[in-house]
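Numbering (the numbering used here), first residue to last: 9 to 669. Heads up: the structure comes next, in structure tokens.
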């Protein structure tokens with residue numbers, strides 16, 4: 009059991025006794041770490057949308073650039089798509105959706121719900137091998153998307169055109185339902201599933217978890233009640249489609265009579281572009297990943313936004329919003345296995361703690377949710393002690409599509425836990441502490457799983473992706489964190505005998521297996537791995553070695569000379585990798601090397617080829633603006649042929665706006 013040295017274990021009280029004696033006000037150590045959210049009853053999701061379509065047909069349902077889709081328009085479009093799929097998709101079938109945040113995605117979600125099919129969001133650019141693994145394991149009836157992004161088996165299979173919108177934000181050029189002739193897995197979604205999402209799997213193959221309509225309805229009812237989302241409001245459609253929070257966004261609007269606003273792709277690369285988009289679209293409600301929002305809290309909050317509620321989650325929040333933040337901010341926590349949101353902590357500008365640079369709690373239980381903090385045997389620990397968070401109630405998913413995995417992770421409460429109304433609990437693997445008021449403090453993971461850019465990553469899955477390469481004998485992945493707590497993955501690769509793979513080639517090979525956030529920013533070629541006393545790989549020792557090889561601050565080398573730091577001894581793959589001449593080149597090169605943890609990055613490398621992600625891009629742009637006063641946009645970084653071209657653009661802006669002008 010994990011516990012605080014200062015808090016000895018106390019015997020668990022029967023639940024009815026604890027409640028009768030005032031469980032929420034008892035001092036830490038005397039009450040068990042058990043908390044129940046308010047009562048909740050499941051409702052309907054699709055039926056709520058249909059009510060709005062019938063009662064307010066001309067109300068905006070999707071605001072897509074200059075095009076407004078009314079509830080009547082959206083309903084009619086979904087009817088057409090459902091009719092075209094009806095002969096090929098049966099109730100309970102899994103349908104993989106390879107679309108981005110768009111009107112086409114919204115239409116598809118409604119159409120599949122109408123058919124009783126199971127919506128499986130895979131994202132607009134799924135890695136070919138990753139999707140191949142999914143279709144080999146799961147009984148996927150078809151994939152929906154642009155044929156150009158589908159895996160080879162589906163590009164060459166049967167295609168059925170779908171009448172999905174092909175204009176607007178992130179719209180596909182063409183949309184088809186694709187059926188592969190040769191690939192069909194065996195695992196089906198359990199009965200009653202509305203959607204399924206992929207989560208990281210330690211076997212190297214993603215695992216799928218299925219969620220019922222009733223479970224999502226409870227989360228949606230909470231969202232509407234907590235945020236007041238209603239007709240006339242505008243809700244973001246911002247979260248990446250492969251991640252389950254986008255379902256909260258999508259269905260929250262459609263079950264509230266509000267309008268969805270799909271986000272252009274560049275909003276995820278630049279936090280200033282994000283706030284501009286909030287302003288320009290007059291958004292009133294938004295959901296966003298914590299790493300995306302935190303840079304906004306380090307500078308004055310825009311005072312001309314209509315944004316009233318902002319739900320953030322996916323990673324530990326490291327500070328509280330300041331008193332100038334005009335939106336109510338909800339710090340949310342919830343694994344996909346517990347339907348998007350399990351706990352929240354609400355923060356307002358009027359709070360006495362506003363602006364504190366201390367992590368807020370992850371909050372208290374949502375309606376219908378039971379929280380239990382347990383020891384290794386599954387017994388509740390005393391409040392104030394640390395333990396594993398287990399979750400029960402209406403929020404729980406139906407389970408994984410792998411029954412054995414479901415049996416391991418969704419378990420009955422311990423016999424002496426005194427939870428008479430709870431039949432099963434999901435073991436989150438998260439280490440938490442319950443406070444006297446029932447709120448939770450997040451303390452980290454109990455297993456090897458980590459969070460990178462708000463996404464749960466199994467290092468074992470990343471390792472398995474590298475080990476698919478015949479040039480790799482073994483791989484071990486560790487996490488390096490900077491002073492602000494942001495993490496990046498580093499792969500330590502032992503080649504097969506006689507192989508001499510280049511780090512960049514290995515990274516290119518794993519990109520088709522892994523989501524963007526799971527691709528390491530650096531590869532270290534090693535002869536072997538250090539072992540601990542038990543004969544296991546000593547991961548802390550490997551991480552320490554990687555840290556020792558990490559570059560210095562982008563503004564100073566060990567000698568204190570920025571020019572020397574930029575010149576370094578790197579062997580970047582780009583041309584003239586070490587010949588940083590101008591101040592802009594030195595700043596760009598050293599910043600990118602530091603953020604990526606790749607001292608071999610050169611000016612001839614393209615940002616994304618070097619391992620750059622949306623989160624890294626946002627931090628690079630913020631550093632450039634802080635050091636030079638020049639604000640560059642994410643598209644300018646992505647369109648640049650390499651880092652030298654991006655630095656040249658910065659030099660042009662510096663020349664056009666000389667210091668003191």
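Every residue gets a Cβ at the ideal spot worked out from N, C-alpha and C, and that includes glycine.
With a cut-off of 8 Å on Cβ pairs, the segment 95-102 is not in contact with the segment 479-487, counting fewer than three such pairs.
In the DSSP annotation of this structure, the continuous segment of the beta strand (DSSP E) that includes residue 168 starts and ends at 166-169. Look at residue 294 here: in three-state DSSP terms it is strand. For residue 613, the closest alpha carbon among the candidates 622, 596, 134 and 626 is that of 596.
Between residue 146 and residue 195, the C-beta spacing is below 8 Å. Contact between residue 517 and residue 477 holds: their C-beta atoms lie close to 5 Å from each other, under 8 Å. At the C-beta level, residue 53 and residue 234 stay beyond 8 Å of one another. The segment 346-356 and the segment 268-276 do not touch, with fewer than three beta-carbon pairs separated by less than 8 Å. Per DSSP, reduced to three states, the secondary structure at residue 63 is helical. Non-local C-beta neighbours of residue 133 in its own chain, meaning closer than 7 Å and more than five positions away in sequence, comprise 157, ordered along the chain. Secondary structure note for residue 518: its alpha helix (DSSP H) is the uninterrupted segment 511-518. Residue environment: residue 63 is assigned as exposed (fewer than 16 neighbouring CB atoms within 10 Å of its CB, all protein chains considered).
In this model, residue 238 and residue 459 are separated by some 33 Å (Cα to Cα). Shown here, residue 139 sits in a helix according to DSSP, grouped into three states. According to the DSSP assignment, residue 480 belongs to the beta strand (DSSP E) that extends over 480-489. Residue 418 sits in a strand when the DSSP states are folded into three classes.
DSSP places residue 616 in the coil class of the three-state scheme, outside both helix and strand. With fewer than 16 neighbouring CB atoms inside 10 Å of its own CB, residue 94 falls in the exposed class. If you check the CB distance, residue 153 and residue 180 come in under 8 Å. Beta-bridge partners of residue 318 (DSSP): 294 and 337. In the three-state reduction of the DSSP assignment, residue 450 falls in the strand class. Remark: three or more beta-carbon pairs, one from each stretch, lie closer than 8 Å, so the segment 243-260 and the segment 283-298 are flagged as touching. Looking from the CA of residue 439, the closest CA among 432, 446 and 453 belongs to 453. In this structure, DSSP gives residue 508 a state outside helix and strand, which the three-state scheme calls coil. Shown here, residue 385 sits in coil according to DSSP, grouped into three states, outside any helix or strand. Scanning its chain for C-beta atoms nearer than 6 Å, with the 5 sequence neighbours on each side dropped, one finds around residue 389 the residues 41, 381, 383 and 395, in chain order. When the Cα atoms are used, residue 556 and residue 247 turn out to be separated by approximately 35 Å.
Only buried fits residue 140, as 16 or more other CB atoms lie within 10 angstroms of its CB. Residue pairing by DSSP leaves residue 525 without any beta bridge partner. DSSP places residue 288 in the helix class (H, G or I) of the three-state scheme. Residue 219 is positioned such that its CB atom lies closer than 8 Å to that of residue 203.
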